[in-house]
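Q: Before I ask anything, let me first share the structure, which is written out below as structure tokens.
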Amino acid sequence: MTTANEILKPFDHCRRVVVKIGSALLVDRKAGLRTEWLDSVCADIAALRRRGVEVLVVSSGAIALGRSVLKLPAGALKLEESQASAAVGQIELARAWSESLHRDGIVAGQILLTFGDTEERRRYLNARATLRQLLKLKAVPIINENDTVATNEIRYGDNDRLAARVATMIGADLLVLLSDIDGLYTAPPHLDPEALFLPVIADITPEIEAMAGGAASELSRGGMRTKVEAGKIATAAGCAMIIASGKVPNPLQSIEAGARFSKFEASPNPVNARKTWIAGQLHPAGELHVDEGAEDALHSGKSLLPAGVKRIEGHFSRGDTVAVVSLAGHEIARGLAGYDDSDARLIAGRKSGEIEKILGYAGRAAMVHRDDLVLTHAGNTKKGRKKANV
């Protein structure tokens with residue numbers, strides 16, 4: 546359970562922190578880069594480093610900055626215009642971070658990630674090794690999606706979830722999402738004046754997910770929904786997350802000085818590194834819809850057997866990541882499929898002892914083995930699971 550002091554001083558017990566910067570904070574559509582604000586953030590980073598805290602930055606802003614430099618009109622950009630803007634903006638963004646951090650004697654290192662760099666296991670491990678080496682050499686990694694080559698079909702599309710993937714990849718203690726809103730509310734506050742602010746979120750329930758709204762700025766591709774999704778990824782791996790306003794100078798210092806923010810508590814039982822990678826997969830290849838008995842079995846630490854699977858959606862191969870979905874339509878787990886979808890459909894709802902007769906070969910007893918499965922939501926079982934403490 547989080548203590549009052551840990552809420553008020555979130556950096557005090559951190560060894561490693563990931564800070565995500567939104568485009569709307571860093572770039573003004575007419576004036577370009579907010580240099581003074583960037584300098585204040587870098588001063589905050591330097592202060593944390595002097596306390597022994599390692600800091601990684603996930604910085605949006607390349608496309609927004611590039612379109613400002615190229616003087617492109619307001620409104621939606623075509624894919625090729627976005628990629629051209631990113632190509633120009635990435636140079637400007639990297640230079641700005643490097644120069645600002647250099648004032649405090651800090652070296653910046655640029656890392657551009659594509660979707661496959663976190664979703665494919667080998668590339669994930671390689672990216673993690675690079676980040677670890679940069680931290681070992683006392684550099685501050687400045688990370689962004691490689692928008693010059695990413696396509697609309699294969700991309701993160703927002704840096705909130707990218708930041709969560711980086712945080713889990715590197716084993717961060719805290720993920721800070723600096724945004725144009727100071728935390729999570731029961732409803733979008735600009736639409737509902739009676740929306741309530743939530744200072745602590747102990748568990749991300751379907752009710753919490755339903756509170757997420759849409760994007761609030763034309764420069765930003767993320768909204769509260771992607772922030773809550775980032776929270777699910779980070780907290781499952783034992784990394785706490787806070788959403789705070791970045792509209793003020795020295796936003797990290799402001800957090801410690803008492804500025805309001807919402808904190809998503811880390812899971813008290815974080816999954817191991819391999820399961821962290823499974824849980825954080827952004828686009829499962831398919832869905833396995835299960836009955837209540839199977840749901841209870843999963844929460845008891847058991848494997849998912851074919852008998853409990855009622856419906857299968859999507860096309861996947863053995864070893865692909867699939868989502869396990871309850872009868873109520875809520876995702877409860879993710880895991881690596883033990884069968885291709887064609888064979889999985891044939892044995893769904895059948896007893897494990899019937900597999901060989903149905904398929905013609907002796908396959909695995911489990912549709913998803915417990916060693917390859919991680920719970921992504923507490924759910925509601927016979928034993929009664931706790932609601933979010935908000």
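Going by the numbering used here, 865 is the number at position 320 of the sequence shown; the sequence numbering is gapless.
Where a beta carbon is used, it is the ideal one built from N, C-alpha and C, also for glycine.
Taking Cβ positions, are Gly864 and Gly853 nearer each other than 8 angstroms?
A: Numbered from its first residue, the sequence shown carries residue 864 at position 319. Numbered from its first residue, the sequence shown carries residue 853 at position 308. Cβ distance not < 8 angstroms, so Gly864 and Gly853 don't count as in contact.
Q: Could you check if Asp692 is buried or exposed, using at least 16 other CB atoms within 10 Å of its CB as the buried criterion?
A: The residue labelled residue 692 in the question sits at position 147 within the sequence shown. Buried.
Q: Which same chain residues, not among the five before or five after Leu920, have their C-beta less than 6 angstroms away from its C-beta?
A: Position 375 of the sequence shown, counting from 1, holds the residue named residue 920. Excluding residues within five positions, the ones whose Cβ falls inside 6 angstroms are Ala878.
Q: Quick check: Phe806 and Ile778, are their CB atoms within less than 8 angstroms of each other?
A: Reading the sequence shown from its first residue, position 261 is the one you call residue 806. Reading the sequence shown from its first residue, position 233 is the one you call residue 778. Cβ atoms of Phe806 and Ile778: not closer than 8 angstroms.
Q: How is the beta strand (DSSP E) around Thr866 delimited, first residue to last?
A: Mapped onto the sequence shown, residue 866 falls at position 321. Counting along the chain, the beta strand (DSSP E) containing Thr866 begins and ends at 866 to 870.
Q: Determine, using beta carbons only, whether Val867 and Leu843 come nearer to each other than 8 angstroms.
A: Walking along the sequence shown from the start, residue 867 turns up at place 322. Walking along the sequence shown from the start, residue 843 turns up at place 298. No, they are not a contact pair.
Q: Hey, quick one: how far does the alpha helix (DSSP H) through Pro796 stretch, first residue to last?
A: As a first step, residue 796 must be located in the sequence shown, where it is residue number 251. Where Pro796 is concerned, the enclosing alpha helix (DSSP H) stretches over 796 to 801.
Q: Can you tell me the Cα-Cα spacing of Ala782 and Val721, whole angstroms?
A: In the sequence shown, the residue the question calls residue 782 occupies position 237. In the sequence shown, the residue the question calls residue 721 occupies position 176. Answer to the nearest angstrom: the Cα atoms are 15 angstroms apart.
Q: Please report the straight-line C-alpha distance between Lys681 and Tyr669, rounded to a whole angstrom.
A: The residue you call residue 681 lines up with position 136 of the sequence shown. The residue you call residue 669 lines up with position 124 of the sequence shown. Their backbone Cα atoms lie some 18 angstroms apart in a straight line.
Q: Counting Cβ pairs, one atom from each stretch, are 3 or more of them under 8 angstroms apart for the segment 899 to 915 and the segment 845 to 862?
A: Touching, yes.
Q: When you compare only the Cα positions, how much space is there between Glu626 and Ala576?
A: As a first step, residue 626 must be located in the sequence shown, where it is residue number 81. As a first step, residue 576 must be located in the sequence shown, where it is residue number 31. Going by the C-alpha atoms only, they are around 20 angstroms apart.
Q: Out of Leu610, Pro796, Asp557, Leu571, point me to the one whose CA is closest to Arg596's CA.
A: For this step, residue 596 is matched to residue 51 along the sequence shown. Selected option, being the one with the closest Cα: Asp557.
Q: Check the Cβ-Cβ distances between His844 and every residue of chain B, and say whether any is below 8 angstroms.
A: Considering every chain present, this structure includes no chain B. It has just one protein chain.
Q: If we ignore side chains and look at the alpha-carbon of each, how far apart do Ala804 and Ala732 end up?
A: Locating residue 804 in the sequence shown gives position 259, where the first residue counts as 1. Locating residue 732 in the sequence shown gives position 187, where the first residue counts as 1. Straight-line Cα distance between these residues: approximately 20 angstroms.
Q: On the premise that Cys559 lies in contact with Leu646, defined as a C-beta separation below 8 angstroms, what is that separation, rounded to the nearest angstrom?
A: Walking along the sequence shown from the start, residue 646 turns up at place 101. Walking along the sequence shown from the start, residue 559 turns up at place 14. That pair is no contact at about 19 angstroms.
Q: Counting only runs of 3+ residues fully inside the segment 583 to 649, write out the beta strand (DSSP E) ranges in chain order.
A: Taking only runs of at least 3 residues, the beta strand (DSSP E) segments lying wholly in the segment 583 to 649 are 599 to 604.
Q: To the nearest angstrom, report how far apart Thr659 and Ile688 are at their CA atoms.
A: Position 114 of the sequence shown, counting from 1, holds the residue named residue 659. Position 143 of the sequence shown, counting from 1, holds the residue named residue 688. Looking at the two C-alpha atoms, the distance is approximately 11 angstroms.
Q: Evaluate Asn704 with the Cβ neighbour count: other Cβ atoms within 10 Å of its Cβ, from every protein chain shown; 16 or more gives buried, anything less gives exposed.
A: One-based indexing of the sequence shown puts residue 704 at position 159. Burial call: buried.
Q: Excluding sequence positions up to five away, which residues of its chain have a Cβ less than 7 angstroms from the Cβ of Glu698?
A: For this step, residue 698 is matched to residue 153 along the sequence shown. Annotation note: pLDDT 48 at Glu698 (below 50); position unreliable, coordinate value reported separately. Contacts found: none.
Q: Quick check on this structure: which residue in Ser568, Pro794, Ser871 has the alpha carbon closest to the alpha carbon of Ser585?
A: By 1-based counting over the sequence shown, the position of residue 585 is 40. Nearest of Ser568, Pro794, Ser871 to Ser585, Cα basis: Pro794.
Q: Kindly indicate which residue of Tyr730, Arg673, Asp725, Leu741 has the alpha-carbon position closest to the one of Ala569.
A: Stepping through the sequence shown from its first residue, residue 569 is reached at position 24. The shortest Cα separation from Ala569 among Tyr730, Arg673, Asp725, Leu741 belongs to Asp725.
Q: Comparing C-alpha positions only, which one of Ile590, Met714, Val563, Ala775 sits nearest to Asp649?
A: Taking the first residue of the sequence shown as 1, we reach residue 649 at position 104. Nearest option by C-alpha distance: Ile590.
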